[in-house]
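Here the structure is laid out as structure tokens; the discussion comes afterwards.
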Amino acid sequence: MRDHRVRILSNAPEPPAYWRLRVRLSEAIAIRPGQFVMVRTREQWEPLWRRALVIYRMEEHAEGMDLEFLYKVLGRGTTLLSRQRPGDELEMLGPLGNGFPPNAETEVEAILISGGIGLPALYLLAEGLARDGRAVRLFHGEPTVEPNASLPFFEDFARALGPEAITLATEDGSRGFQGLVTEAVEAYLQRARPRRAIFYACGPTPMLRRVAEIATQRELPAYVSLEARMACGFGVCLGCAVKTQFASDRAPHYRRVCVEGPIFRAEEVIWNEL
Amino acid sequence: MSCDLSVEIAGLRFKNPILTASGTFGYGLEFAPWFDLGRLGGICTKGLSLKPLEGNPPPRIVETHGGMLNSIGLQNIGVRAFVTEKLPLLRQFQTHIIANVFGSCFEEYLDVIRILDDAEGIAAYELNISCPNVKAGGMEFGNDPDEAARLTEACKRIARRPIIVKLSPNASDVVRVARAVEEAGADALSAINTILGLSIDIYTRRPRLATGMGGLSGPAIKPIALRMVYQIACAVRIPVIGIGGIATVEDALEFLIAGATAVQIGTANYYDPLVSIKILEGLQQFCQQQGITTIRTLIGSLQMDERLA
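Those protein sequences? They're chains A and B, same order as listed.
In terms of this note's numbering, the first sequence opens at residue 700 and continues consecutively.
In terms of this note's numbering, the second sequence opens at residue 2 and continues consecutively.
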């Protein structure tokens with residue numbers, strides 16, 4: 700973990716509602732799928748906090764390493780970020796967080812579930828699992844998507860997994876499966892009945908909670924990537940605490956999303972205290 | 002020529018006046034990967050209580066303009082775990098470790114100090130009588146000059162190390178509290194803790210923090226902190242450590258000129274883990290440029306028209 704000074708290569712809107720940021724580091728760093736960075740524009744005083752961005756994609760090359768991020772413009776921090784131009788520099792602290800655990804079991808189908816801006820947390824995981832020859836499916840939910848809009852981030856996943864491994868769910872039925880992404884997952888499980896499966900999920904809390912319920916009902920392991928307000932991202936502000944119950948320690952304790960997370964086993968999270 | 006940055010507080014020599022503030026610097030060790038902790042003048046630990054504390058439910062923090070509100074609720078591992086797990090590693094660094102202490106009642110402050118007194122590698126105690134976020138956070142002592150004095154006196158009687166009392170800006174008259182704890186034997190003061198604040202979600206019409214209100218920190222509070230530090234420094238003879246929204250070397254210099262013998266860097270550590278070292282380097286550079294040979298000539302050098310003070 701270091702405070703890297705990175706140069707922006709590109710930063711532009713991407714349908715349906717995202718921005719794609721690409722930056723260059725002067726050196727390659729080791730990154731685990733699901734890890735994040737804390738960014739701010741140089742010499743920034745307002746807003747005060749850096750913003751947490753999960754690492755979407757990465758590419759090593761002779762000049763160092765390029766990292767890609769997908770983000771949504773939601774408030775002051777992401778608005779400021781969206782105004783940065785190619786050539787501008789960012790201060791980038793990271794990589795941070797635990798990342799998804801490596802899974803040694805080859806016979807298990809990996810079911811990736813995302814909602815909205817949860818999707819970027821899953822790309823490196825999907826790519827890594829596919830590279831290792833594992834069976835991987837992605838279910839992604841959006842509220843709505845214009846029927847003919849191109850979805851570049853979907854093409855990224857399609858290249859890694861094959862288009863047939865991806866299911867898009869929209870709440871209004873404008874594209875793909877009509878309904879919640881968790882309903883699409885349940886429909887798939889009913890139909891395909893995979894012998895063994897594991898869930899990896901990132902998205903809004905109600906979606907994650909539902910994923911945890913389905914995992915419990917079907918006795919499947921599930922990992923969820925949680926989000927929380929963070930002032931620091933490296934474990935000192937204690938602002939991002941979530942109540943968890945680890946198998947190693949039956950008493951519930953607050954754990955930091957930034958250090959002990961953002962990836963937790965679904966059964967460790969005390970959902971009604973989120 | 003390099004400037005002598007050393008200062009003396011409570012009989013302790015600090016190599017420089019840049020300290021880190023309790024609650025923003027973990028147990029110190031969290032910052033060891035970022036820089037040599039031995040470069041700092043001192044480190045104030047996370048507030049330590051007799052028993053471990055889980056802290057408040059989330060959401061615990063919210064960003065505001067130029068600052069943030071927090072209601073962490075003094076989450077900490079407890080004084081015994083601090084002594085066995087953190088202190089042996091922390092005391093290897095060539096810096097003063099100041100243990101921040103709080104209790105849910107009078108006796109608990111004394112119990113925490115007794116346990117710390119048996120440990121090596123601590124330079125001083127900072128009494129937290131000013132946390133606004135928990136009932137047991139000492140505010141009852143911080144608001145009342147008599148109670149603050151009574152607690153200070155009791156701690157002084159048993160402690161084998163100097164006592165720094167951290168004052169609350171939420172007291173109705175912080176100068177009166179400062180004078181009272183000086184009278185009771187405090188070796189130094191630190192000011193200010195966070196200012197009680199509120200932030201509201203206009204759509205749900207609920208507070209943005211689970212506990213309702215929280216403590217405001219960050220650059221937004223600096224002018225208030227600076228004014229209070231100036232007033233306190235004018236009113237007491239013991240050293241004052243300035244805290245409140247310090248983010249740059251200029252901020253630190255303002256506090257020194259206002260009368261602070263040293264400063265603590267707090268909220269800025271969150272967005273820049275190297276900020277304390279940047280401020281330290283900036284201080285050395287400023288003194289060189291200005292031909293200041295000892296930082297002590299700067300302390301309390303504010304030119305204030307007496308009619309304005």
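Even glycine gets a Cβ: it sits at the ideal position worked out from N, Cα and C.
Only a predicted model underlies this, so the values are computations on that prediction, with no experimental measurement involved.
For K167 of chain B, three-class secondary structure by DSSP: Position 166 of the second sequence, counted from the first residue, corresponds to residue 167 of chain B. The answer is strand: DSSP assigns K167 of chain B an E or B state.
For A172 of chain B, the three-state DSSP class (helix, strand or coil): Residue mapping note: residue 172 of chain B aligns to position 171 of the second sequence, counting from 1. In the structure shown, A172 of chain B sits in coil (DSSP, three-state: anything other than H, G, I, E or B).
Cross-chain neighbours of E64 of chain B in chain A, by beta carbon under 7 Å: Looking up residue 64 of chain B in the second sequence gives position 63. Here the neighbours are P746, L747, W748.
Proximity test, Cβ basis, 7 Å: R928 of chain A and chain B: Stepping through the first sequence from its first residue, residue 928 of chain A is reached at position 229. At least one chain B Cβ lies under 7 Å of R928 of chain A.
7 Å Cβ cutoff met for F94 of chain B and L38 of chain B: As a working note, residue 94 of chain B is residue 93 in the second sequence. As a working note, residue 38 of chain B is residue 37 in the second sequence. Yes, the Cβ-Cβ distance between F94 of chain B and L38 of chain B is below 7 Å.
C936 of chain A at chain B interface by Cβ criterion, 7 Å: For the purposes of this step, residue 936 of chain A is identified with residue 237 of the first sequence, where counting begins at 1. Closer than 7 Å: yes.
Range covered by the alpha helix (DSSP H) that runs through S781 of chain A: As a working mapping, residue 781 of chain A is identified with position 82 in the first sequence. Note, S781 of chain A: alpha helix (DSSP H), 775-781.
Cβ-Cβ distance between E127 of chain B and I99 of chain B below 7 Å: Within the second sequence, residue 127 of chain B is the residue found at index 126, counting from 1. Within the second sequence, residue 99 of chain B is the residue found at index 98, counting from 1. Yes, Cβ-Cβ distance for E127 of chain B and I99 of chain B is below 7 Å.
Cross-chain neighbours of G48 of chain B in chain A, by beta carbon under 7 Å: Sequence index remark: in the second sequence, residue 48 of chain B carries index 47 (1-based). Simply none; closest approach about 11 Å.
Segments of 4+ residues assigned as alpha helix (DSSP H) that fall wholly inside the segment 141-225 of chain B: 146-159, 175-184
Contact between the segment 747-760 of chain A and the segment 700-718 of chain A (3+ Cβ pairs under 8 Å): no
Spatial distance of R955 of chain A from G934 of chain A (CA atoms): Indexing the first sequence from 1 puts residue 955 of chain A at position 256. Indexing the first sequence from 1 puts residue 934 of chain A at position 235. For R955 of chain A and G934 of chain A, the distance between alpha carbons rounds to 7 Å.
Close beta carbons around R81 of chain B, own chain, < 6 Å, minus the five adjacent residues each side: The sequence position of residue 81 of chain B within the second sequence is 80, counting from 1. Within the same chain, R81 of chain B has no close Cβ partners at all.
Residue-level contact to chain A via CB, I193 of chain B, 7 Å cutoff: By 1-based counting over the second sequence, the position of residue 193 of chain B is 192. No, I193 of chain B lies away from the interface with chain A (no Cβ there is under 7 Å from its Cβ).
S277 of chain B - containing alpha helix (DSSP H), residue span: The residue labelled residue 277 of chain B in the question sits at position 276 within the second sequence. First-last of the alpha helix (DSSP H) with S277 of chain B: 276-291.
Straight-line gap, A911 of chain A to F26 of chain B (C-alpha atoms, nearest Å): Along the first sequence, one-based indexing puts residue 911 of chain A at 212. Along the second sequence, one-based indexing puts residue 26 of chain B at 25. Looking at the two C-alpha atoms, the distance is approximately 35 Å.
Local conformation of M906 of chain A per DSSP, three classes: Locating residue 906 of chain A in the first sequence gives position 207, where the first residue counts as 1. In this structure, M906 of chain A counts as helix in the three-state DSSP scheme.
R207 of chain B at chain A interface by Cβ criterion, 7 Å: Start at 1 with the first residue of the second sequence, and residue 207 of chain B comes out as number 206. So no, R207 of chain B is outside the interface.
Reduced DSSP secondary structure (H/G/I, E/B, other) of F32 of chain B: As a first step, residue 32 of chain B must be located in the second sequence, where it is residue number 31. DSSP places F32 of chain B in helix when its eight states are reduced to three.
Any 3 or more C-beta pairs closer than 8 Å across the segment 165-182 of chain B and the segment 144-153 of chain B: yes
Proximity of I278 of chain B and I266 of chain B at Cβ, strictly below 7 Å: Reading the second sequence from its first residue, position 277 is the one you call residue 278 of chain B. Reading the second sequence from its first residue, position 265 is the one you call residue 266 of chain B. Their beta carbons are not under 7 Å apart, which means I278 of chain B does not touch I266 of chain B by this criterion.
Where F852 of chain A sits in the DSSP three-state scheme: For the purposes of this step, residue 852 of chain A is taken as the residue at position 153 of the first sequence. It is helical.
Own chain residues within Cβ distance below 6 Å of G798 of chain A, not counting five before or after: If you number the first sequence from 1, residue 798 of chain A lands on position 99. Excluding sequence neighbours, G798 of chain A sits near R731, P732, G733, Q734.
Contact set between the segment 93-125 of chain B and chain A, restricted to residues whose Cβ is under 7 Å from the partner: none
V942 of chain A - DSSP class collapsed to helix/strand/coil: The residue given as residue 942 of chain A occupies position 243 in the first sequence. At residue 942 of chain A the sequence reads Lys, which differs from the Val that was named. Correct three-state label for K942 of chain A: strand.
Beta-carbon proximity of I44 of chain B to T96 of chain B, cut-off 7 Å: Translated into the one-based positions of the second sequence, residue 44 of chain B becomes position 43. Translated into the one-based positions of the second sequence, residue 96 of chain B becomes position 95. Cβ distance < 7 Å, so I44 of chain B and T96 of chain B count as in contact.
Nearest to F768 of chain A (by Cα), restricted to the options A:P893, A:G872, A:C931, A:R719: By one-based count along the first sequence, residue 768 of chain A stands at place 69. Answer by Cα proximity: A:R719.
Proximal residues to A236 of chain B (C-beta, below 8 Å), its chain only, five neighbours per side dropped: Taking the second sequence and counting its residues from 1, one reaches residue 236 of chain B at position 235. These residues qualify, in order along the chain: V176, A179, R180.
7 Å Cβ cutoff met for L821 of chain A and S813 of chain A: Locating residue 821 of chain A in the first sequence gives position 122, where the first residue counts as 1. Locating residue 813 of chain A in the first sequence gives position 114, where the first residue counts as 1. Yes, the pair counts as a contact, with Cβ atoms nearer than the cut-off.
From B:A192, B:L197, B:I10, B:N17, residue whose alpha carbon lies closest to that of C288 of chain B: Position 287 of the second sequence, counted from the first residue, corresponds to residue 288 of chain B. Nearest C-alpha to C288 of chain B: B:N17.
Span of the beta strand (DSSP E) around L765 of chain A: Locating residue 765 of chain A in the first sequence gives position 66, counting from the first residue. Position check: residue 765 of chain A holds Asp in this sequence, whereas Leu was assumed. 763-770 is the span of the beta strand (DSSP E), which, as asked, contains D765 of chain A.
CB contact check: R61 of chain B to chain A, cutoff 7 Å: By one-based count along the second sequence, residue 61 of chain B stands at place 60. Yes, its Cβ sits closer than 7 Å to a Cβ of chain A.
Burial state of Q232 of chain B, where buried means 16 or more other Cβ atoms lie within 10 Å: On the second sequence, residue 232 of chain B is found 231 positions in, with the first residue counted as 1. Per the 10 Å Cβ criterion, buried.
Chain A contact residues for N270 of chain B, given Cβ-Cβ distances below 9 Å: As a working note, residue 270 of chain B is residue 269 in the second sequence. Result: C931, V935, C936.
Coil, strand or helix - R756 of chain A by DSSP: Residue 756 of chain A sits at position 57 when you count from the first residue of the first sequence. Of the three classes helix, strand and coil, the one that applies to R756 of chain A here is strand, per DSSP.
Residue from B:I62, B:T268, B:D118 with nearest C-alpha to T249 of chain B: For the purposes of this step, residue 249 of chain B is taken as the residue at position 248 of the second sequence. Minimum Cα distance to T249 of chain B is reached at B:T268.
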